[in-house]
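S.K.: Note that the protein sequences, when read in sequence, are chains A and B.
Terminal number for the first sequence in the numbering used here: 328, no gaps in between.
Terminal number for the second sequence in the numbering used here: 883, no gaps in between.
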Amino acid sequence: MSEPVIRVTDLWKMYEVDGSGVPALRGTYLEVRKGERVALLGKSGSGKSTLFNLIAGLDRPTKGRIEIEGQDLEALGDKGRTTLRRTKIGFIFQFFNLLPTLTVFENVYLSLELANKPDPELALKALKEVGLEGKERRFPNELSGGEQQRVAIARAIVKHPSIILADEPTGNLDTSTGNQILQLLTRTSRESGTTLMMATHSPLTCRYATRILRMVDGVITEETSGEERPY
Amino acid sequence: MKIVTKSFLRYLPRRLSLSLLQLVGVACGVAAVVGMTLSAQTALKSFTNTIEFLRGKTTHSIQRPVGAMEEEFLSQLGQDPAVEWFSPVIDRRLRLENGESVHLLGIDPFLDRPIRTEISRVEFLAKEKSATESLFSFLTDEKAILIDSHLKKSLPSGSPPILKTEKGPLYIKGSFPNPSGEPLILMDIGHAQKLYQLYGYVDRVDLILSDESDFRSRWGKGFLIQSSRQKRETFSGMLQAFRLNLEALSLLALFIGVFLIYNTAMFAVVSRRRDTGILRSIGANRLEIACAFLSEIFILGLLGGALGGLLGYFLTRFLTDLLGSSISNLYFFLRPQPVSWSNWILAMGMGLGCGASLLGGALPLGELIRTDPIKALSGRIASPETVRKAKRAAMAGLLILLISATLFIIPGSHVYVGFIGVFVFILGVSLLTGVVLLLLHPLLKKILGRIGGLPGKIASGNIQQNLGRTGVAIAAFMVSLSMSIGLSIMIGSFRESLIWWMETQIRGDLYIGKMEEAEVPEDFFEEIKKIEGLGGVHPYRNVQTLYRNTSINLSAVDASVLEKYARFGWLKGGNENWEEVKKGGVIVSESFSRRFGVNSGDTITLEGKDGPVKFRVGAIFYDYTTEHGLVMMDRSTYIKAFGDRRLNNIGIFIDPHHPRRIEVLQEVRSRAEARGLPVLTGSELHQNILDVFDHTFAITRSMRAMAIIVAFLGIAGALLTLFIERSREFGIYRALGFSTRQVARMTLIESLEMGLLSFLLSMAVGTVLAMLLIKVINLRSFNWTIFFFLTWPPYILTGITAILASIGAAIYPMVRVFWTYPQIQIREE
Numbered sequence: 098m099s100e101p102v103i104r105v106t107d108l109w110k111m112y113e114v115d116g117s118g119v120p121a122l123r124g125t126y127l128e129v130r131k132g133e134r135v136a137l138l139g140k141s142g143s144g145k146s147t148l149f150n151l152i153a154g155l156d157r158p159t160k161g162r163i164e165i166e167g168q169d170l171e172a173l174g175d176k177g178r179t180t181l182r183r184t185k186i187g188f189i190f191q192f193f194n195l196l197p198t199l200t201v202f203e204n205v206y207l208s209l210e211l212a213n214k215p216d217p218e219l220a221l222k223a224l225k226e227v228g229l230e231g232k233e234r235r236f237p238n239e240l241s242g243g244e245q246q247r248v249a250i251a252r253a254i255v256k257h258p259s260i261i262l263a264d265e266p267t268g269n270l271d272t273s274t275g276n277q278i279l280q281l282l283t284r285t286s287r288e289s290g291t292t293l294m295m296a297t298h299s300p301l302t303c304r305y306a307t308r309i310l311r312m313v314d315g316v317i318t319e320e321t322s323g324e325e326r327p328y
Numbered sequence: 055m056k057i058v059t060k061s062f063l064r065y066l067p068r069r070l071s072l073s074l075l076q077l078v079g080v081a082c083g084v085a086a087v088v089g090m091t092l093s094a095q096t097a098l099k100s101f102t103n104t105i106e107f108l109r110g111k112t113t114h115s116i117q118r119p120v121g122a123m124e125e126e127f128l129s130q131l132g133q134d135p136a137v138e139w140f141s142p143v144i145d146r147r148l149r150l151e152n153g154e155s156v157h158l159l160g161i162d163p164f165l166d167r168p169i170r171t172e173i174s175r176v177e178f179l180a181k182e183k184s185a186t187e188s189l190f191s192f193l194t195d196e197k198a199i200l201i202d203s204h205l206k207k208s209l210p211s212g213s214p215p216i217l218k219t220e221k222g223p224l225y226i227k228g229s230f231p232n233p234s235g236e237p238l239i240l241m242d243i244g245h246a247q248k249l250y251q252l253y254g255y256v257d258r259v260d261l262i263l264s265d266e267s268d269f270r271s272r273w274g275k276g277f278l279i280q281s282s283r284q285k286r287e288t289f290s291g292m293l294q295a296f297r298l299n300l301e302a303l304s305l306l307a308l309f310i311g312v313f314l315i316y317n318t319a320m321f322a323v324v325s326r327r328r329d330t331g332i333l334r335s336i337g338a339n340r341l342e343i344a345c346a347f348l349s350e351i352f353i354l355g356l357l358g359g360a361l362g363g364l365l366g367y368f369l370t371r372f373l374t375d376l377l378g379s380s381i382s383n384l385y386f387f388l389r390p391q392p393v394s395w396s397n398w399i400l401a402m403g404m405g406l407g408c409g410a411s412l413l414g415g416a417l418p419l420g421e422l423i424r425t426d427p428i429k430a431l432s433g434r435i436a437s438p439e440t441v442r443k444a445k446r447a448a449m450a451g452l453l454i455l456l457i458s459a460t461l462f463i464i465p466g467s468h469v470y471v472g473f474i475g476v477f478v479f480i481l482g483v484s485l486l487t488g489v490v491l492l493l494l495h496p497l498l499k500k501i502l503g504r505i506g507g508l509p510g511k512i513a514s515g516n517i518q519q520n521l522g523r524t525g526v527a528i529a530a531f532m533v534s535l536s537m538s539i540g541l542s543i544m545i546g547s548f549r550e551s552l553i554w555w556m557e558t559q560i561r562g563d564l565y566i567g568k569m570e571e572a573e574v575p576e577d578f579f580e581e582i583k584k585i586e587g588l589g590g591v592h593p594y595r596n597v598q599t600l601y602r603n604t605s606i607n608l609s610a611v612d613a614s615v616l617e618k619y620a621r622f623g624w625l626k627g628g629n630e631n632w633e634e635v636k637k638g639g640v641i642v643s644e645s646f647s648r649r650f651g652v653n654s655g656d657t658i659t660l661e662g663k664d665g666p667v668k669f670r671v672g673a674i675f676y677d678y679t680t681e682h683g684l685v686m687m688d689r690s691t692y693i694k695a696f697g698d699r700r701l702n703n704i705g706i707f708i709d710p711h712h713p714r715r716i717e718v719l720q721e722v723r724s725r726a727e728a729r730g731l732p733v734l735t736g737s738e739l740h741q742n743i744l745d746v747f748d749h750t751f752a753i754t755r756s757m758r759a760m761a762i763i764v765a766f767l768g769i770a771g772a773l774l775t776l777f778i779e780r781s782r783e784f785g786i787y788r789a790l791g792f793s794t795r796q797v798a799r800m801t802l803i804e805s806l807e808m809g810l811l812s813f814l815l816s817m818a819v820g821t822v823l824a825m826l827l828i829k830v831i832n833l834r835s836f837n838w839t840i841f842f843f844l845t846w847p848p849y850i851l852t853g854i855t856a857i858l859a860s861i862g863a864a865i866y867p868m869v870r871v872f873w874t875y876p877q878i879q880i881r882e883e
């Protein structure tokens with residue numbers, strides 16, 4: 098069996114609130130292999146986003162270890178973690194988080210520039226893949242929610258990352274649009290062999306996953322495969 | 055260009071009104087510095103050019119320590135082995151009919167030619183005559199003059215060659231080139247002696263010496279010998295304090311400009327936080343974000359600086375005239391030429407703008423690159439963090455104030471240290487602003503809630519919630535309002551001190567003649583003394599001389615008259631101090647005492663007509679005649695030491711209850727006017743002095759106005775930013791049912807609160823600043839005591855300024871509210 102792409106060992110994250118520590122993650126363990134499509138299911142405040150932020154290297158754990166493709170995130174340092182986000186990790190947010198002053202094309206091209214692959218053709222191709230051909234010159238405020246999320250997906254996939262982290266990717270979309278987005282994500286993941294992790298509070302998202310993890314109060318408590326959908 | 059940088063720079067055109075506001079703010083700050091620096095430089099350059107032009111090939115000059123020099127020494131000078139060449143000179147000012155002042159040199163054309171070769175290149179007007187004939191006409195016609203080419207150009211074309219002056223018409227025989235730009239007239243020295251009634255005297259003799267030390271060994275006693283370099287340094291030294299204060303003023307304007315840039319940069323930080331979070335999450339590193347941010351700040355600094363350079367150039371046109379007349383009124387004649395445009399001015403402005411950007415943007419940059427991307431993306435309003443930051447800033451502010459206090463109390467320290475202390479003080483109080491706002495917030499919320507209802511309460515809350523932005527804008531406005539109050543109180547205190555001084559020292563009923571020129575004949579003085587009914591006739595002589603190679607003023611008075619009629623302000627003792635003066639001692643001004651460390655009982659030595667003369671210092675008195683220091687002695691002592699019997703003016707005193715008071719004064723006036731002597735009443739003289747004072751401080755007032763404008767732009771920028779960034783919040787208000795008027799009122803109240811807070815803080819800070827300016831800066835710069843007079847007008851005027859500026863700053867955001875509010879909806883991205 099191949100090495101896991103993501104390995105999380107005894108991960109803790111504490112936050113200071115009014116002088117006392119509040120745990121967001123409490124001894125989390127996780128292994129994700131290449132090509133898996135994992136849905137992390139949990140209510141708001143269960144620690145999903147915290148886990149994603151730690152995996153992406155945006156935050157640092159209080160205790161525990163995170164390995165991405167065998168590399169210890171802590172050992173990489175801030176520079177190494179930044180490089181990781183540039184090249185190996187694509188992040189998709191609930192509220193899209195596009196840069197408002199850049200066009201659709203520029204928002205996607207930015208990712209390539211940061212990854213040191215400044216090829217405009219790749220950006221155009223990614224936009225075509227997500228169905229936004231012809232809208233390259235538009236600004237985010239000129240797009241619908243679904244279109245904006247497509248741009249965010251294009252930005253994430255254009256650099257061919259090893260991992261895509263999607264934090265509530267459909268949280269701000271209607272059901273129909275949300276399904277389209279999820280189909281796009283899973284198709285892209287399947288075609289490129291990219292590992293996909295989706296944080297969600299919606300059981301409907303689980304339909305698109307090969308593996309479902311449940312997170313409760315900072316702990317991953319349950320695991321089911323995609324075939325054993327509870328719904 | 056990198057996309058990361060592009061994402062930041064695109065905000066500039068997107069928020070055009072805000073960008074323009076910030077640009078203009080930077081431009082104003084830079085304009086103040088550029089304007090003041092160029093004006094001061096041009097004044098100095100004019101001064102240097104004039105000195106150099108008039109110096110010609112002169113190596114030294116010789117004159118009496120005070121007063122004019124006897125002609126009889128000329129033949130001895132001509133025969134001295136160390137003298138290669140000499141030229142006697144009469145060096146005076148002449149007022150034209152139109153009120154302008156020009157420089158008049160009386161020279162011997164034959165003796166002067168080898169020294170001032172440029173002047174000898176005369177172009178005579180009468181083309182039909184030969185050069186010899188024209189020169190002969192110049193030598194024989196006692197009203198004949200030559201004028202410089204610039205002055206010639208300024209005369210209306212086709213007009214007869216006559217220059218109308220206070221001493222009657224003078225006839226122009228020709229013109230000569232003058233690279234210095236200062237209006238200059240030449241006259242034959244004999245005719246100049248007659249014009250100024252200097253029969254048998256010259257002002258000085260310009261020399262070309264082969265051996266200075268040899269010459270000094272023969273002429274050192276009873277004469278003042280200065281090399282050209284020494285003379286230049288003497289003049290330059292006279293301007294030092296004045297220049298320093300001007301530089302400080304312009305630096306203060308730049309300080310506020312830097313504050314505005316800091317303001318701008320902080321707004322940008324808050325606005326870019328979310329973008330920074332996004333960029334960090336997709337792999338941008340801190341360096342790329344820093345470069346993007348710096349690009350934005352630099353562009354504002356560069357464009358603002360360029361605009362500032364241009365504005366500064368236009369400002370010099372106004373300031374140069376002001377500066378020239380102030381220097382002429384206070385020190386020596388100077389008429390600076392206007393600055394001509396050069397691309398270096400633009401470069402200077404851009405350099406200043408960029409430098410100020412770097413300085414103002416440094417801290418905000420640090421904050422931006424330390425932004426926690428997770429918090430930035432979550433959009434959490436970090437209120438506790440803001441409060442923590444405000445407290446930390448306050449701690450730093452207190453420490454800085456401690457440093458400032460230390461700088462002020464270091465004994466005997468230079469005025470530069472005082473200026474640094476003032477700047478450090480302003481920085482320290484600025485850092486306290488945040489905490490003070492937090493403390494005042496509950497009270498203001500109550501007041502604004504009462505006045506403005508619900509919009510008032512919300513407005514108050516908004517200011518506190520956005521402390522990162524509003525705090526800086528309020529601090530900047532507070533600094534400029536404080537400067538307004540501080541300078542107003544200082545100027546007002548100075549003015550009141552001056553009035554007090556005039557009412558104690560200048561108490562005559564009439565003054566005949568001028569303070570600065572010797573033109574009252576001694577026989578007239580004797581004639582007036584004989585008029586029945588006069589209480590006292592006071593002869594006054596005022597000259598410049600050197601003490602320890604530094605220019606000072608020397609006054610000769612009648613101690614008995616002043617003892618009876620004046621009420622001198624003594625540092626110690628009272629009118630018994632006149633006894634020493636009557637016995638041949640001197641009294642010295644406070645500035646003299648401080649400058650040279652001379653106290654009562656000490657002895658000073660001045661160069662008299664027969665060599666060094668010692669004088670005992672009897673007392674020290676408050677005086678504002680000159681910051682260089684004044685030594686005062688009785689006329690008999692003066693004549694004995696210096697042999698100079700000339701008079702600048704005479705003061706007339708008469709008992710106020712004298713039954714024929716008006717007739718007696720009228721008789722004095724008539725006799726003076728018959729002699730062509732100017733006559734002023736005591737109150738007229740006081741007013742003239744005050745006019746000079748007010749004129750001198752016109753520069754200070756213009757810098758003060760500039761600082762207010764810069765800070766106003768800061769407030770306006772803060773309001774506009776708050777408006778732009780709160781469209782979602784306005785959407786919530788609209789959804790809740792707030793009307794457009796209510797939201798507009800909220801915007802106005804926010805602005806008024808910011809202005810009011812700034813003003814309240816400035817009342818305290820401005821008062822302290824006034825005390826520092828009076829007790830530290832003025833004292834160390836000019837060595838005189840200004841008495842602290844606290845009056846209400848500066849506070850009232852500044853309060854009105856604050857209110858008007860606040861309303862002005864709110865106008866555009868309110869207009870935007872009326873335009874856009876009815877269409878605003880809450881919309882997620």
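C-beta atoms are modelled at their ideal positions from N, C-alpha and C, and glycine is treated no differently.
Leaving out the 5 sequence neighbours to the left and right, which residues in its chain are closer than 7 Å to B/Trp273 when beta-carbon positions are compared?
M.R.: Correct list, in chain order: Ile116 and Ile279.
S.K.: Can you give the Cα-Cα distance for B/Phe751 and B/Thr691, rounded to whole angstroms?
M.R.: One C-alpha to the other measures close to 37 Å.
S.K.: Can you name, in chain order, every residue of its own chain whose Cβ lies under 6 Å from the Cβ of B/Ala360, other than the five neighbours on each side?
M.R.: Same-chain partners within the cutoff: Leu400, Gly403 and Met404.
S.K.: Verify the CB distance criterion: does B/Arg326 have a CB-CB separation below 8 Å to chain A?
M.R.: With 8 Å as the cut-off, B/Arg326 does not count as an interface residue toward chain A.
S.K.: List the residues of chain B that A/Ala153 touches, going by C-beta distances under 9 Å, in chain order.
M.R.: Near A/Ala153 (Cβ distances below 9 Å), the residues of chain B are Ser335.
S.K.: Hey, quick one: how far does the beta strand (DSSP E) through B/Gly279 stretch, first residue to last?
M.R.: Residue identity differs from the one stated: residue 279 of chain B is Ile in this sequence, not Gly. Unbroken beta strand (DSSP E) run through B/Ile279: Leu278 to Ser281.
S.K.: Using only CA atoms, which one of A/Asp169, A/Val227 and A/Asp107 lies nearest to A/Gln246?
M.R.: With distances taken between Cα atoms, A/Gln246 lies closest to A/Val227.
S.K.: Using only the alpha-carbon positions, how far apart do A/Arg326 and A/Tyr305 sit?
M.R.: Residue confidence is low: A/Arg326 scores 48 on pLDDT, short of 50, so the model does not pin down where it sits. Its coordinate-derived value is still stated next. In a straight line, the C-alpha of A/Arg326 is about 10 Å away from that of A/Tyr305.
S.K.: Can the beta-carbon of B/Glu266 be found closer than 8 Å to that of B/His468?
M.R.: In this structure, B/His468 does not lie closer than 8 Å to B/Glu266 by Cβ.
S.K.: Could you tell me which of B/Gly567, B/Arg109, B/Thr524 and B/Val822 sits nearest to B/Val259, measuring between CA atoms?
M.R.: With distances taken between Cα atoms, B/Val259 lies closest to B/Arg109.
S.K.: Determine the DSSP secondary structure at B/Ser724, reduced to helix, strand or coil.
M.R.: Of the three classes helix, strand and coil, the one that applies to B/Ser724 here is helix, per DSSP.
S.K.: Sorted by chain position, which residues of the same chain lie with C-beta nearer than 7 Å to B/Thr59's C-beta, five sequence neighbours on each side aside?
M.R.: Excluding positions up to five away in sequence, the list reads Cys345, Ala346 and Ser349.
S.K.: Which residues in chain B have a C-beta closer than 8 Å to the C-beta of A/Leu199? List them in chain order.
M.R.: Within chain B, the residues near A/Leu199 are Ile57, Lys60, Ser61 and Arg64.
S.K.: For the segment 304–318 of chain A against the segment 170–187 of chain A, are there 3 or more C-beta pairs whose distance is under 8 Å?
M.R.: No, they do not touch.
S.K.: If I measure Cβ to Cβ from B/Met800 and keep anything under 7 Å in the same chain, skipping five residues before and after, which residues do I get?
M.R.: So the qualifying residues of the chain are Pro509, Ile512 and Ala513.
S.K.: Helix, strand or coil for B/Lys500? Go by DSSP, reduced to three states.
M.R.: Looking at B/Lys500 - three-state DSSP - the assignment turns out to be helix.
S.K.: Got a sec: is the Cβ-Cβ distance from A/Ser208 to anything in chain B below 8 Å?
M.R.: Closer than 8 Å: yes.
S.K.: Give, in chain order, every unbroken run of the alpha helix (DSSP H) that is at least 4 residues long and sits entirely within the segment 272–343 of chain B.
M.R.: Listed in chain order, they are 282–335.
S.K.: My assumption, with CB atoms under 8 Å, is that B/Gly638 sits in contact with B/Val718. Please give the rounded CB distance.
M.R.: In fact, because the Cβ distance is near 33 Å, the residues do not count as touching under 8 Å.
S.K.: Against B/Ala319, what residues of chain A qualify as contacts under a CB-to-CB distance less than 8 Å, listed in chain order?
M.R.: The premise fails here: B/Ala319 is roughly 18 Å from chain A at the closest Cβ pair, so nothing lies under 8 Å.
S.K.: Check the Cβ-Cβ distances between A/Thr285 and every residue of chain B, and say whether any is below 8 Å.
M.R.: By this cut-off, A/Thr285 is not an interface position.
S.K.: Quick check on B/Ala81 - is its C-beta less than 8 Å from some C-beta in chain A?
M.R.: Answer no: the Cβ-Cβ gap between B/Ala81 and chain A never drops below 8 Å.
S.K.: Output, in chain order, the set of chain A residues within a Cβ distance shorter than 8 Å of B/Arg68.
M.R.: By Cβ distance, chain A contributes Thr198.
S.K.: Does any C-beta atom of chain A lie closer than 8 Å to the C-beta of B/Leu354?
M.R.: Not one chain A Cβ lies under 8 Å of B/Leu354.
S.K.: Under the DSSP definition of a beta bridge, which residues are partnered with B/Glu177?
M.R.: BP columns for B/Glu177 point to B/Ser229.
S.K.: Going by CA-CA distance only, name the one from B/Lys207, B/Ile243, B/Ile343 and B/Leu354 that's closest to B/Asp166.
M.R.: The candidate whose alpha carbon is nearest that of B/Asp166 is B/Ile243.
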